[in-house]
Structures are given as C-alpha cells and as structure tokens.
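In this text, residue positions in the sequence shown follow my numbering: the first is 38, and each later residue adds one. Backbone N, C-alpha and C fix where the C-beta goes; we use that ideal spot for every residue, glycine too.
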Amino acid sequence: MSINGAPDHKSKISRLQATYSDNELLETKVIIPEDVTTGFSFRKLWAFSGPGFLMSIAFLDPGNVEADLQSGAYANYELFWILFWSTVLGLLVQRLSARVGTVTGQHLAEVCYQEYRTVPRLFLWIMMEIAIIGSDMQEVIGTAISLYLLSNGKIPL
38 MSINGAPDHK
48 SKISRLQATY
58 SDNELLETKV
68 IIPEDVTTGF
78 SFRKLWAFSG
88 PGFLMSIAFL
98 DPGNVEADLQ
108 SGAYANYELF
118 WILFWSTVLG
128 LLVQRLSARV
138 GTVTGQHLAE
148 VCYQEYRTVP
158 RLFLWIMMEI
168 AIIGSDMQEV
178 IGTAISLYLL
188 SNGKIPL
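Structure, rendered in structure tokens:
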C-alpha cells in the first residue's frame, strides 16, 4: 500500500512472477487428454476440475438446501427462480475465487486488500460480516430447536 491508500502494484507483480513457476509445475502434473474429436469429454472435464469444484459443491450444504425448501414451501414456490439463480451465482463466485487463488497464490481477502482502497474494503468487510451473521443465525436457531425436540423439552430454548 502506498501512503495515500492506493494499491501498490509492485508487490502484486512480484507475487505473480513468484507463482508463475508453480503454474508451470501444475501444468506438467495434469495431463490433458488430446482427442481428435472436438466434442465433450468427461476426461477433459475431470482434468480441468480441481479443488475449486469441490469447494463450489460444498456451498450446497444441507442447511442451504433446507432453507431453500422451507422458503419454497412458505412462498408456494413463487420465488423459486430467485433461489435457483442465487445458487448458480454463488457457485460461479466460488469458481472465480478459486481461479483467482490459483493464479495469484492468495485468497480473495488478500487480493481485495491489494486492489481496493480503504472505503470499498471496509464496505466489503461489513457486507461479508452481515452475510456470515445471517447464515450462522439459521444454524444456531436450528440447533437450538433440534436440541429442544430431542430432549423432550428439558433443554429450554
């Protein structure tokens, strides 16, 4: 960071140059099949899938699916398109952040710290904290209700 709060791009360039050799090493380990056909191949798809794919699937945890089902039952599935597109966009963001991490060798918070000034960084931080609180509230309330039901009302809410 420079004195006026603007991102310092010198550290980013040196970081990218340091990870360039790592990317070459990864390319030598992953063998991409060379087929004569240009159609779809599960072997090619598997060669390009990695930890980002696993993290994007972890996004669809049972709590998320249950929240989608409950809101669908409450709203008579009129808002199904919102749930569908929010899940698709969430998977897309997970995939893109995995690509950023692969290319730069940094996680998304480090990249945002280097690229954004102070005010947008604080805004992103506050929005992420609100999202974390919103998702954790559902899990805490669900755990309390399940403990209450399992203990036959002996553990109070």
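Simplified DSSP state of residue i, which is helix, strand or coil
i: Gln143; result: coil
i: Ala112; result: coil
i: Ser188; result: coil
i: Phe213; result: Since the displayed the chain opens at 38 and closes at 194, residue 213 lies outside it and no answer follows.
i: Ser134; result: helix
i: Phe77; result: coil
i: Ser172; result: helix
i: Arg158; result: helix
i: Leu106; result: helix
i: Ser86; result: coil
i: Leu207; result: A question about residue 207 goes unanswered here, because the residues of the chain that appear run from 38 up to 194.
i: Tyr150; result: helix
heavy atom of the ligand FAD below 7 Å from residue i C-beta
i: Phe79; result: In the structure shown, the ligand FAD is absent, as is every other ligand, since no ligand is present at all.
Closest Cα partner of residue i within the set the options
i: Ser86; options: Phe160, Val125, Thr139 and Trp122; result: Thr139
Sequence-distant residues of the same chain with beta carbon closer than 8 Å to residue i, five excluded per side
i: Leu53; result: For Leu53, the pLDDT reaches just 48, beneath the cut-off of 50, and the residue's location in the model is therefore unreliable, although a value from the coordinates is still provided. The answer, listed in chain order, is Val140 and Thr141.
Specify whether the stretch 100–111 and the stretch 162–179 touch according to this definition: at least 3 beta carbon pairs, one from each stretch, less than 8 Å apart. yes
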